[in-house]
Each structure stands twice: as C-alpha cells, then as structure tokens.
C-alpha cells in the first residue's frame, strides 16, 4: 500500500517521462511514476543497434493481431517499448514531421553527416518537381534529409532528455520500475487510485496507490485502452464480452480503442561492421549513428485535388540498402473492435501510388539511372500469376509483406466539445 500521492503517472514511456519532468519542475507538485519496464540498456544509446532490442522482452512488448481478412498471412504484430522512454529508446529515431520546431528544449535534433546518396535523393526529388525543405518547417510536401533526435552520434530519448538528468535529484519525483498497473479504482465516476503489481528480486507484490489530485494514463496506444477497459471504461459490448471471463463493473461507455491509427511499411536491412562501430566511438558519426540507414525522406500528397490543402498521405524513406526503392511507408487507418484491426479501402490505392512514385525516383530520374538503380526483376512468391508491377501485383505484394511501422496512436482520442463521437477524452 502506498499513501496518497498528489499526482501519479501510469506509464513512464515517451509521454510519461516528459510529463513527470514538467510536472515536477516547479516543485509545487509531487509526482509518482509507475513503469512496467526497467531502465534502458546503454546499448540503446547507439542508434543503429536499436532494432536489435526489438525482440528483447525486457525492453519491448509484442502484441499480435487476430487473423486479418485482407492479409494472406492472416496476422501482424505491433511492438511497444517496455522501459523508461518507451518507443523513443527502440524507435529508429527519425524525428517525425510535426509543427515547425523551435531551438531549445532537452531533445536535440540534428542532421547526420554520414548519408550516402543523400544528394542524389534530393536532386531526384527536384527533378520530379518537389521542393527541398525542412520536414518540420512550413512547407512539408517535399523531399528532405532525415532529422534525428541525437547528440554526438548517440540517441536522445525522452528518458535521456527529460527524466534521467533529474532522477534521484528531486524529492518530489519518484519512479517505481517493474510496476504493472492492473486496474483503476473508482469512487462512483471519479478515479481515486490504481492497483498495480510490482516485482522485487523476482517476487511479485500487489499494491494500491491513491491520488490526491490527478491520475494520468500514458501507457501507450495499446496498454492505456486495455487498462481503461479492465477498469470499466469502454464500449458496452466489449465490456460485456470480457465480463464472461473476468467480471468488470461498467463505469462509463466510451469508444475506447476504436480509433486506432497505424502505418504500413516495406522495410529493408543494411550491413554494419566493427570498423564503422569504432568510427562511432571515435568521431561520433557514421552508419551506426544513421538510425538503420535512414538518409533522406519525402512527404507526398496523392489525394489533393484542385485548391485543396495538400495532405501528406505517403512518406518515403531512403535507406542505404541493397534494394533501396523497396523502402516505403504509407499512412493507414485501422479500426480496433473486439481485438480486430480492419484495414480501410484507402490502403490499396495508397500502396499502389506509393510504389509508382518509388519506381519513378529510382528508374526514371537521371540521378539514379546513372547509378544503375533498378527494382529487382524477380517476382514476390505467391504473386507470380499476376502481371509484374500491375496494381493487382502490388495489392498481392502488400497482403504478403506489408507490416505495421510501430506508430500506433489514437486509441484514446481527444476532442474539444461534443462534435466528435470517436473521442474518449473531452478537453473542455
């Protein structure tokens, strides 16, 4: 049992680290953070090694989908971080396109020096009529270098930037590791505490902590809605179905988990060696600092018509890899209902458009034609019956090999006012 805490944060991942630091900065609030994972491994500071931790259950948790109607292999998985900083420790570290960024704060944003073929990538974009710009500047439909959250070749996660510098230095900030939230405790409709299980020296202990002021849930796009539904907040049909195995007292009917948004991607690997690892330690740059070979990127709009505002619906990543044109990320929306993710019809047309643009870049621009770049002529297994590079071929290919890009979000959608029926949190 833990005594009443003024504020506590459930989940010390990407957002949890930031909130814990900011809420404790003034000294007016005492903050307790419950984190199911552990502190990050030092190896995670090396950008190119991040993906090697994706299969390590100490640092990540894998969620498997139920069989999918439009996937030939039936299911996919989504990986979430399970340590302080969450996915910012195992994520490739490419700084996402957001509002125009500033010039202060604890998260460094920088351009890598080791970027083979970046000039060719940018020039090819110009040849196709796209401007070159800052992806976080005012013009976002463009080709651009990839920006990274790193300092001297090392990753700067939300833990490294926000929480680590003050951890153990403030009396008003406490973090409990290996603490898994089990249920939110309610008094009527008011959340007053959380039941959690902590593990010390391999022995689990059930605990309860109560809040004087606020309970902030920041356990990620999967665990946050799961915690809410286990606590009685969610769609009525989901709560009723779950109550068959484990009785749940309904607290509030809200569309928790029904606005899941994710990305689909084709990804290639690249080789790394001992020599380039030494270069990282000596100079602070090189391929190990290049976040799995991301060099350039592009934001494309395929759906804008007439004078409509251009909406980015395709993002291309240029990898330093043997099969460069095969690397493409396409935004996609899913709906999570009773554990099932259902792709919308938009997916096929975007995937086809994305691959058409990729072919133009690497086979129709002088910058890459002079290098002999081409798409491999061998067809993908189980798609040989279809005309190579046709729309139906790419649809078949997507069903076989497209995967989530670990960008899950939107399951506890926020709104202002009463206009959005998919929202879970009302900000006013």
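Residue numbers (the working numbering): 60 to 487. Using N, Cα and C, we set each Cβ at its ideal position, and we do this for glycine too.
**Boundaries of the beta strand (DSSP E) in which residue 257 is found, first to last residue** = 249-259
**Request:** Locate the beta strand (DSSP E) running through residue 186, then write down its first and last residues.
**Result:** Unbroken run through residue 186 is the alpha helix (DSSP H), 177-186; no beta strand (DSSP E).
**Asked** Candidates 186, 259, 221, 122: which alpha carbon is nearest residue 163's?
**Response** 221
**Request:** Grab the span of the beta strand (DSSP E) containing residue 376 for me, first residue to last.
**Result:** 373-378
**Prompt:** Given a threshold of 16 other Cβ atoms within 10 Å of its Cβ, counted over all protein chains shown, does residue 429 qualify as buried or as exposed?
**Reply:** exposed
**Asked** Would you report the Cα separation of residue 415 and residue 319, rounded to the nearest angstrom?
**Response** 27 angstroms
**Message:** Which same chain residues end up closer than 7 angstroms to residue 341 when comparing Cβ atoms and leaving out the 5 residues on each side of it in sequence?
**Reply:** none
**Asked** DSSP three-state call for residue 267: helix, strand or coil?
**Response** strand
**Item:** 8 angstroms Cβ cutoff met for residue 99 and residue 207
**Value:** no
**Asked** Within the chosen definition, does the segment 285-297 reach the segment 79-94 through at least 3 CB pairs nearer than 8 angstroms?
**Response** no
**Prompt:** Quick one, which of 410, 165, 244 has its alpha-carbon nearest residue 289's?
**Reply:** 244
**Message:** On the criterion of 16 or more Cβ atoms from any shown chain inside 10 Å, does residue 123 qualify as buried, or is it exposed?
**Reply:** exposed
**Prompt:** Can you tell which of 452, 444, 343, 460 has its C-alpha closest to the C-alpha of residue 107?
**Reply:** 343
**Request:** Report back the beta-carbon spacing between residue 215 and residue 226 to the nearest angstrom; my notes put them in contact at under 8 angstroms.
**Result:** Rounded, the Cβ-Cβ distance is 15 angstroms, inconsistent with contact.
**Asked** Anyone know if the C-beta pair for residue 424 and residue 112 falls short of 8 angstroms?
**Response** no
**Prompt:** In this structure, what does DSSP give as the bridge partners for residue 246?
**Reply:** 249
**Message:** I believe residue 277 touches residue 78 by the beta-carbon criterion, under 8 angstroms. Please report the beta-carbon distance rounded to the nearest angstrom.
**Reply:** 6 angstroms
**Item:** Where residue 404 falls, given that 16 or more other Cβ within 10 Å makes a residue buried
**Value:** Low confidence applies to residue 404: its pLDDT is 46, below 50, so where it sits in the model is not reliable, and the reading given next is rough at best. It is exposed - the Cβ of residue 404 has fewer than 16 other Cβ atoms within 10 Å.
**Prompt:** With distances taken from CA atoms, which of 378, 445, 436, 372 is nearest residue 199?
**Reply:** 372
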